[in-house]
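In full-length UniProt numbering, the protein residues as written are 1 to 612.
Glycine residues also receive a C-beta, built at the ideal position from the N, C-alpha and C atoms.
Rendered as structure tokens:
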């Protein structure tokens, strides 16, 4: 009686959603069918259309929490008449009532929140599935925009309170319902302020239709990777067209010697790979870096159709990231690398590593970089945290967590810390201040969070600023732009380094056979029996031998689609890998023992591309 607002405020909805759910479940009973029909008609014709953008009081806002619990809202039969009109009503709310609803959503239980997310994900799939038959284009555009914008609103709330993991917003069906490449091009042209463009020979005009790329949180890592690759293909085509246009101009002016290659061609020697790569990349302009990459190893005849490039990245990064150069510190506990805080090499080395990593992504090559998630966070302007230190240096991370969790008042006496950090460099231990005059400031209960934050900031930012800046400048020179911002840090890492989720049966199931071979051919059967009997490390070496990498692309094992073809060679010959095409020339061996011996010999002695 005293509470005029029924225990409701801008921060508290004052409603028992479990009771709401029970009531609606009872209403769904067949004995209430007449009443249910009246309620549906009332909601559809009066309640939802008349919802005000500025509700008269805070209690009236509770309707926005109650309605989604009504079971018909989850029924696709009512998406057009109930679910989507409710989304439009929510999006019409003025600023203050909209903030109230955000506050309430941040307090609901995760199960309710997830149901709401799933409800509007379902509406998006429903609309995309029936876009050609359900609605006229204008209505389709307004409904799909409403569903996506509501999901965006929920996503922003979730970023603050973490009701659910971000992958709960993914809509996996998107890839099969939408041409992601065309959708991305529409978004790309719109971002560039253009009205039309060409893709794969087809003209595409920008119109007012919604582009799903404007809502990146609904795409999983595979879909985003496809967008990044589409973006790279567009930029490559622009660079190639520019080179060709310049060459035409040079021919017209009778200066053919100034003609430019439409490719970024790197000539390197295996004996001086790092020096040659540094020299070659230094003479090319930023525009050249956007061209498709071709690598030529001195003295080797192989034409680079992808495989030589794979090996180039593999060998070069293995050399550049070697801790013996002092550029990176190796953490044995996590098997990860991080920038050294004391380093005597020139900045251009870090710049080169950044360019190489960017070129690998830009040219669709998986590279095995042993960096923590913190690197990918920094590339996406996300601040590293204590969890990232736990990944890189588990013992250090756990110690800091113990400091934060310590329940006593005697923090100063128990831990005996000040705002400094001890780092070892070339056998000498040095004490560094985390903040100004840190050696004079003791860590106490009321400043321990500040200490942990300063410690993490020193490792991931302060101590490595020069080296990371050079690295990121090189990386973003090749692989920067709007499309990179669509990724979450974990997605970016998965795209760059692939994964180690090996499924060897899937590799066999997706294999293609040529020549005399089929899946049931005796030699093919012997091959797979031999392969499956290999230990894990030998299987990984086979992947390296055949594909140029022992990592699995983000699209999964089946995307490798290895090809096994018969040859006329006798069984005294080894299997031959054409890394560019994931193609294995496999002679017809007479026994499993001979096949195993030849295959192991080929795998163990793999290095280099030669036609001899």
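Exercise. For residue 605, count neighbouring Cβ atoms within 10 angstroms of its own Cβ and tell me buried if that reaches 16, exposed if not.
Key: If you number the chain shown from 1, residue 605 lands on position 605. Label assigned to residue 605: exposed.
Quiz item: Which stretch, first to last residue, makes up the alpha helix (DSSP H) that contains residue 579?
Solution: Position 579 of the chain shown, counting from 1, holds the residue named residue 579. DSSP places residue 579 outside any alpha helix (DSSP H), giving it a letter other than H or E.
Self-check item: Check: residue 503 C-beta below 6 Å from any heavy atom of the ligand PLP
Solution: Looking at this structure, you won't find the ligand PLP or any other ligand, since it has none at all.
Practice problem: Look up residue 36 in the DSSP assignment and give the residues it is bridged to. | Solution: Residue numbering aside, residue 36 sits at position 36 when the chain shown is read from its first letter. Paired residues: none, contrary to the question.
Quiz item: Can residue 243 and residue 270 be called in contact, C-beta distance under 7 Å?
Solution: Here residue 243 is taken as the residue at index 243 of the chain shown, counted from 1. Here residue 270 is taken as the residue at index 270 of the chain shown, counted from 1. No. Outside cutoff.
Quiz item: Sorted by chain position, which residues of the same chain lie with C-beta nearer than 6 Å to residue 201's C-beta, five sequence neighbours on each side aside?
Solution: To locate residue 201, count along the chain shown from 1; it is residue 201. Legend: pLDDT at residue 201 = 44, less than 50; position of this residue unreliable, value from coordinates given subsequently. Hits under 6 Å: none found.
Quiz item: Considering only residues of the same chain and omitting the five flanking positions on each side of residue 228, which have a CB-CB separation below 6 Å?
Solution: The residue given as residue 228 occupies position 228 in the chain shown. Excluding positions up to five away in sequence, the list reads 483.
Practice problem: Using alpha carbons as the reference points, say which of 340, 446, 371 and 421 lies closest to residue 464. | Solution: Residue 464 sits at position 464 when you count from the first residue of the chain shown. Check the Cα spacing between residue 464 and each of 340, 446, 371 and 421: the tightest is with 340.
Quiz item: For residue 201, which of helix, strand or coil comes out of DSSP?
Solution: Counting from 1 along the chain shown, the entry for residue 201 is found at position 201. Bear in mind that the predicted position of residue 201 carries a pLDDT of just 44, short of 50, making it too unreliable to give a figure here.
Self-check item: Cut-off 6 Å between Cβ atoms - residues of its own chain near residue 78, not counting five sequence neighbours on either side
Solution: The count along the chain shown starts at 1 and reaches residue 78 at position 78. Cβ within range, chain order: 72.
Self-check item: Spatial neighbours of residue 553 in its chain, beta-carbon cut-off 8 Å, leaving aside the 5 residues before and after
Solution: For the purposes of this step, residue 553 is identified with residue 553 of the chain shown, where counting begins at 1. For residue 553, same chain residues with a beta-carbon under 8 Å away, outside a window of 5 residues either side, are 366, 498, 559 and 560 in chain order.
Quiz item: Pairing CB atoms from the region 396-412 with CB atoms from the region 526-540, are three or more of them under 8 Å?
Solution: With a cut-off of 8 Å, the region 526-540 and the region 396-412 do not count as touching, because too few Cβ pairs lie within range.
Exercise. Return yes when the Cβ of residue 337 is within less than 7 Å of the Cβ of residue 344, no when it is not.
Key: Within the chain shown, the letter at position 344 stands for residue 344. Within the chain shown, the letter at position 337 stands for residue 337. Cβ distance not < 7 Å, so residue 344 and residue 337 don't count as in contact.
Self-check item: Beta carbon proximity, residue 412 to chain C, threshold 7 Å
Solution: The structure shown has no chain C; it contains just one protein chain.
Exercise. Report back the beta-carbon spacing between residue 94 and residue 53 to the nearest angstrom; my notes put them in contact at under 8 Å.
Key: Numbered from 1 along the chain shown, position 94 holds the residue referred to as residue 94. Numbered from 1 along the chain shown, position 53 holds the residue referred to as residue 53. About 5 Å separates the two Cβ atoms, so the contact holds.
Practice problem: Return the bridge partner residues of residue 499 from the DSSP annotation. | Solution: To locate residue 499, count along the chain shown from 1; it is residue 499. In the DSSP secondary-structure assignment, residue 499 is bridged to 552.
Exercise. Taking only the alpha-carbon atoms, compute the straight-line gap between residue 602 and residue 510 and give it to the nearest angstrom.
Key: The residue given as residue 602 occupies position 602 in the chain shown. The residue given as residue 510 occupies position 510 in the chain shown. One Cα belongs to residue 602, the other to residue 510, and the distance between them is close to 23 Å.
Quiz item: Does the distance from the CB of residue 362 to the CB of residue 232 come in under 7 Å?
Solution: As a first step, residue 362 is located in the chain shown; it is residue number 362 there, counting from the start. As a first step, residue 232 is located in the chain shown; it is residue number 232 there, counting from the start. A contact, by the Cβ cut-off of 7 Å.
Self-check item: Exposed unless 16 or more other CB atoms sit within 10 angstroms - verdict on residue 28
Solution: Taking the chain shown and counting its residues from 1, the one referred to as residue 28 is at position 28. Exposed, because fewer than 16 other Cβ atoms sit within 10 Å of the Cβ of residue 28.
Quiz item: Buried or exposed: which applies to residue 275, given that a residue is buried once 16 or more other Cβ atoms fall within 10 Å of its Cβ?
Solution: Looking up residue 275 in the chain shown gives position 275. Exposed: under 16 other Cβ atoms inside 10 Å.
Quiz item: Considering only the beta carbon of each residue, do residue 278 and residue 359 sit closer than 7 Å?
Solution: In the chain shown, the residue the question calls residue 278 occupies position 278. In the chain shown, the residue the question calls residue 359 occupies position 359. Annotated as distal: residue 278 and residue 359, with beta-carbon spacing of 7 Å or more.
Practice problem: Output yes or no for whether 7 Å exceeds the beta carbon distance between residue 418 and residue 442. | Solution: Locating residue 418 in the chain shown gives position 418, counting from the first residue. Locating residue 442 in the chain shown gives position 442, counting from the first residue. Going by C-beta atoms, residue 418 is nearer than 7 Å to residue 442.
Practice problem: Report buried or exposed for residue 374, applying the criterion of at least 16 other Cβ atoms within 10 angstroms of its Cβ. | Solution: Locating residue 374 in the chain shown gives position 374, counting from the first residue. Buried: at least 16 other Cβ atoms inside 10 Å.
Quiz prompt | Nearest neighbour of residue 457, chosen from 387, 58 and 146 [CA to CA] | solution = Numbered from 1 along the chain shown, position 457 holds the residue referred to as residue 457. Of the residues 387, 58 and 146, the one whose Cα lies closest to the Cα of residue 457 is 387.
Self-check item: Sub-7 Å separation of residue 615 and residue 147 beta-carbons
Solution: Residue 615 is absent from the structure shown; the chain starts at 1 and stops at 612.
Practice problem: Going by CA-CA distance only, name the one from 15, 379, 577 and 296 that's closest to residue 474. | Solution: In the chain shown, counting from the first residue as 1, residue 474 sits at position 474. Relative to residue 474, the option among 15, 379, 577 and 296 whose CA is nearest is 379.
Quiz item: Is DSSP giving residue 385 helix, strand or coil here?
Solution: The count along the chain shown starts at 1 and reaches residue 385 at position 385. Residue state, collapsed to three classes: coil.
Practice problem: Counting only the same chain and skipping the five closest in sequence on each side, list residues whose C-beta sits under 7 Å from that of residue 239. | Solution: Walking along the chain shown from the start, residue 239 turns up at place 239. Result list for residue 239: 287, 290 and 291, in chain order.
Quiz prompt | Spatial distance of residue 506 from residue 332 (CA atoms) | solution = For the purposes of this step, residue 506 is taken as the residue at position 506 of the chain shown. For the purposes of this step, residue 332 is taken as the residue at position 332 of the chain shown. Roughly 32 Å between the two C-alpha positions.
Quiz item: Can the beta-carbon of residue 68 be found less than 7 Å from the beta-carbon of residue 61?
Solution: Taking the chain shown and counting its residues from 1, one reaches residue 68 at position 68. Taking the chain shown and counting its residues from 1, one reaches residue 61 at position 61. The answer is no: Cβ separation not under 7 Å.
Exercise. Take the Cβ of residue 111 as the centre, count every other Cβ of all protein chains shown within 10 Å, and call the residue buried at 16 or more, exposed below.
Key: Counting from one through the chain shown, the residue named residue 111 turns up at place 111. Exposed, because fewer than 16 other Cβ atoms sit within 10 Å of the Cβ of residue 111.
Quiz prompt | Straight-line Cα distance separating residue 342 from residue 431 | solution = To locate residue 431, count along the chain shown from 1; it is residue 431. To locate residue 342, count along the chain shown from 1; it is residue 342. Using only the alpha carbons, I get a separation of about 13 Å.
Quiz prompt | First through last residue of the alpha helix (DSSP H) which encompasses residue 176 | solution = The residue you call residue 176 lines up with position 176 of the chain shown. Run containing residue 176: 174-177, per the alpha helix (DSSP H) assignment.
Quiz item: What residues in its chain sit with their C-beta under 8 Å from that of residue 152, if we drop five residues either side in the sequence?
Solution: Walking along the chain shown from the start, residue 152 turns up at place 152. Correct list, in chain order: 215 and 217.
Quiz item: Along the chain, where does the beta strand (DSSP E) that runs through residue 431 open and close?
Solution: Counted from its first residue, the chain shown places residue 431 at position 431. In the DSSP annotation of this structure, the continuous segment of the beta strand (DSSP E) that includes residue 431 starts and ends at 428-433.
Quiz item: Going by DSSP, what residues sit across from residue 423 in a beta bridge?
Solution: Mapped onto the chain shown, residue 423 falls at position 423. Beta-bridge pairing links residue 423 to 430.
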